[in-house]
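For reference, the structure is listed below as C-alpha cells.
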Amino acid sequence: MAATADYSLTANPGRALPVAVRAEGCRIWTADGREFIDACGGAMVMSLGHRHPRLIEALKRQADEITFTYRFAFSNEPMLELADLIREVSPLDRSWSFFNSSGSESVESAIHLSLLYWQLRGRPSKVELISRYPSYHGSTLGALGLSGSKWRSPFELVLAKNAVAQTPNADIRARRTPAEELEFAVGELEDAIARRGAEHVAAVFLEPISGASAAAVVPPDGYLERVREVCDRYEVLMICDETITGFGRTGTWFGVDHWNVKPDVLTFAKGVTSGVVPFSGMVVAGNIADVFVASEHGFPVGHTFSGYPLGCAVGAELIRTIRDEGLLANAQAMGARLRAGLDQIALASPHIGQVRGLGLLQGIELVQDRESLEPLPGASLRVTDAARSNGLMIYSCPTPFGRRVIESIMLAPPLTITPADVDLILDRLADAIGAA
Ligand SMILES: Cc1ncc(COP(=O)(O)O)c(C=O)c1O
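Residue 24 is where the sequence shown starts when you use our numbering, and the numbers rise one by one after that.
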C-alpha cells in the first residue's frame, strides 16, 4: 500500500525527493521513471555497486541460518570467518577485529579502545585525542568531536576540540611544494601533541586519504610514515579511519596500503557491505590486541548489534568477490581512466583548481580562477544539482576552512564499473560543469 504522505523527518521534510524503487550496479531507477547513474554510491558506500548478486546471495544464505547473536553469549560463524579474512587483507600484523553497524560506531569503538589501552598499560592520564581539520569521523558526539567539519557547528558547545592539526594538502592556496607540505603537516601534529603534553595524549585519528570533508585530498608521500614515527616517539596510538577508503576504494585493500605504514588501528564501514546491510568494524594490530586478550575483561565495550551475522556474512563475501573478480585491478584501471578524463575536463574549465584522489576516489576543487585559486561560492551544490538534472549522482563537499568555504565535488563509482560507464560519467559531468 502506498504511503499517504511523507512523514519521515529527514533533511528534506515535506520537500519530496525522488522515490528510488530499484537499483543495479551503478544505476538507480525512481518511481517516476527516471534513471540515474550513481557515481558516488550515495556517500561513497557502493563498493561493488547496487545489489551485487554474490552479496545478495550471501545475505539470503545467512538469513536462512541465524540473523542475530548477542556478543556476550554467542559467537557466530560469519564473524569468525570475516575476522580471519581481514587478517589476510589488512596491513596490520596479527590483526584482531571488532564489528559494529556504522562508521561512527566504529570510530567510537576506537576511542574506547585507545582510552582502555592506556589504562591497561598503567598510563591512565593518557586520555586526550588529536585529529585534524578538515576531517569527518562521524555524527555521534565522540566522533563529531574528532571531526573538523561543518557538521560540528550546532553542537560546538558540547563537543571536544580534538581537530587541531591541519590536514596536509587541504589548502591548495598555500602553494607549498610536497616537501614543504610534509614538514608543515608533520609539524602541525607534533605541535598539537606538545601543546597537550605527550603524557596526556592517547591517540591520533586521521583519514589516510580524505573523504567527505576534503574531497579526496591525498597526503604527500612520506607523511603517513612520519606520522607513524611521531606516534611511536610520543607513545601515541595511530588510528586510521578508513570508513571510505577501506576495501578497495582507492585500488588497494586499504588506503594506507599506498604507503609503507602500519597504523595501530583501522576503522572501516560503508564499502564493506556495499549497502546491503549497515555494517562496520575496527581492525586492531596484534601487539595492541594482546593487551586486551591478556586482561580480565577483554574488549568489553560495544553495541547490541556488534558482530551482526548478516553484516559479517556479506562482508566476508565482499572480500572473496573482490579477490575472485580481480576488482582491485579493475579499480586501478578504471580509476586511471576516470582520472585521465577528469584531467581533460579540467583543461577545458577555468573553474577547476585541482583534480585529486587515488583509484576510484576522485575529487575536484572548484575555484573562481586558476590564478587566485579562491573558492567559487556555491559551486559544489550548483554542479551537483546540474549533474542530477542530467541523470548523474555525484557528491558535493562544501567545507568551511578558516574564513573560506572550500568548494569541491567527489566521485566514487563502484569497483565493478566498466569503461563505457566511466565514459558516460565523464560526459555527463562535463555537461554539468558547463551548465553550472
Ligand atoms: C571518514 C569517515 N568516518 C566516519 C564516518 C561516519 O560513518 P557513518 O555515517 O556510517 O556513521 C564517515 C561518514 O561519512 C566518514 O566519511
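Think of the CB as a built atom: it goes at the ideal place given N, C-alpha and C, for glycine as much as any other residue.
Values in this document were obtained by computation on a predicted structure and should not be read as measured data.
* **beta strand (DSSP E) segments (min. 3 residues) lying fully within the stretch 169-240** => Entirely contained in the stretch 169-240, the beta strand (DSSP E) runs reaching 3 residues are, in chain order, 186-189 and 224-229.
* Backbone secondary structure at Gly319 - three-state DSSP -> For the record, residue 319 in the displayed sequence is Glu; it is not Gly. In the three-state scheme derived from DSSP, where H, G and I count as helix and E and B as strand, Glu319 is classed as coil.
* Asked: Considering only the beta carbon of each residue, do Ile109 and Ser120 sit closer than 7 Å?
  -> In this structure, Ser120 lies closer than 7 Å to Ile109 by Cβ.
* Asked: Since Ala369 and Ala459 are thought to touch, with beta carbons under 8 Å apart, how far apart are those beta carbons, to the nearest angstrom?
  -> Rounded, the Cβ-Cβ distance is 15 Å, inconsistent with contact.
* Asked: Around the Cβ of Leu103, are there at least 16 other Cβ atoms within 10 angstroms (buried) or fewer (exposed)?
  -> Answer is exposed; the Cβ neighbour count stays below 16.
* Leu396: first and last residue of the uninterrupted alpha helix (DSSP H) it sits in -> According to the DSSP assignment, Leu396 belongs to no alpha helix (DSSP H), since it is labelled neither H nor E.
* Asked: Is Arg45 helix, strand or coil when you go by DSSP?
  -> Three-state DSSP puts Arg45 in a strand.
* By Cβ distance, which residues of its chain are closer than 6 Å to Glu213, with the 5 residues on each side in sequence left out? -> The beta carbon of Glu213 is closer than 6 Å to those of Val253 in its chain, skipping five residues each way along the sequence.
* To do: Would you mind giving the Cβ-Cβ distance between Leu71 and Leu341, rounded to the nearest angstrom? I have them listed as a contact below 8 Å.
  => Here Leu71 really is in contact with Leu341; their C-beta atoms are around 6 Å apart, less than 8 Å.
* Asked: Taking the C-alpha atoms as reference points, what is the distance between Ala215 and Ala371?
  -> Each residue's Cα considered, the two are about 41 Å apart.
* **Exposure of Phe178, with buried meaning 16 or more beta-carbon neighbours within 10 Å** => Burial is judged here by how many other beta carbons sit within 10 angstroms of a residue's own beta carbon; Phe178 has fewer than 16 and is exposed.
* Asked: Just checking my contact of Leu82 with Leu333 at CB under 8 Å: how many whole Å lie between their CB atoms?
  -> Indeed they touch by this definition, with Cβ atoms about 6 Å apart.
* To do: Identify the continuous beta strand (DSSP E) that holds Ser154 and give its terminal residues.
  => From DSSP, the beta strand (DSSP E) with Ser154 extends over Glu151 to Tyr156.
* Asked: Of all the options Glu348, Asp287, Phe91 and Ala217, which has the alpha carbon lying nearest to the alpha carbon of Asp116?
  -> The shortest C-alpha separation from Asp116 is found at Asp287.
* Asked: Are Phe328 and Gly321 closer than 7 Å when you measure CB to CB?
  -> The answer is no: Cβ separation not under 7 Å.
* CB of Ala62 within 7 Å of CB of Met416, strictly -> In this structure, Met416 lies closer than 7 Å to Ala62 by Cβ.
* Asked: What did DSSP end up calling Asp61 once you bin it into helix, strand or coil?
  -> Three-state DSSP puts Asp61 in a strand.
* Excluding the 5 residues preceding and the 5 following Asp454 in the sequence, name in chain order all residues of the same chain whose CB lies nearer than 7 Å to its CB. => The beta carbon of Asp454 is closer than 7 Å to those of Asn413 in its chain, skipping five residues each way along the sequence.
* To do: State the start and end residues of the unbroken alpha helix (DSSP H) segment that holds Ser137.
  => It spans Gly126 to Leu143 - the alpha helix (DSSP H) in which Ser137 sits, taken as one unbroken run.
* Asked: Can Tyr257 be considered in contact with ligand 1, in the sense that its beta carbon sits closer than 6 Å to one or more heavy atoms?
  -> No.
* Asked: When every heavy atom of ligand 1 is checked, does at least one fall within less than 6 Å of the C-beta of Tyr331?
  -> Incorrect: Tyr331 has no Cβ contact closer than 6 Å to ligand 1.
* Apply the 10 Å Cβ neighbour rule to Lys184 and answer buried if 16 or more other Cβ atoms are within range, or exposed otherwise. => Exposed is the call here.
* Can we say the stretch 194-206 touches the stretch 438-447, given the rule of at least three CB pairs closer than 8 Å? -> As far as the Cβ criterion goes, the stretch 194-206 does not touch the stretch 438-447, which means the pair count is below three.
* To do: Identify, in the order they occur along the chain, each residue of the same chain with its Cβ nearer than 7 Å to the Cβ of Thr90, setting aside the five sequence neighbours on each side.
  => Non-local C-beta neighbours of Thr90 in its own chain, meaning closer than 7 Å and more than five positions away in sequence, comprise Pro332 and Leu333, ordered along the chain.
* Which listed residue (Arg411, Gly330, Thr441 and Tyr418) has its alpha carbon closest to that of Arg451 -> Out of Arg411, Gly330, Thr441 and Tyr418, Arg411 has the C-alpha closest to the C-alpha of Arg451.
* Asked: Near Thr407, which residues of its chain fall below 7 Å by C-beta distance, leaving aside the five closest residues on each side in sequence?
  -> These residues qualify, in order along the chain: Ile417, Ser419 and Ile432.
* **Cβ-Cβ separation, Tyr156 to Thr190 (assumed contact under 8 Å), whole Å** => At roughly 6 Å, the Cβ-Cβ gap stays under 8 Å, so Thr190 and Tyr156 are in contact.
* Asked: Quick one: is the Cβ of Ala193 within less than 6 Å of any heavy atom of ligand 1?
  -> Not so, every heavy atom of ligand 1 lies at least 6 Å from the Cβ.
* Asked: Which full runs of the beta strand (DSSP E) of 3+ residues lie inside the stretch 254-314, going along the chain?
  -> Those beta strand (DSSP E) runs which fall completely within the stretch 254-314 and span 3+ residues are 260-264, 288-291 and 303-307.
* Following the continuous alpha helix (DSSP H) through Val337, name the residue where it begins and the one where it ends. => Where Val337 is concerned, the enclosing alpha helix (DSSP H) stretches over Pro332 to Asp347.
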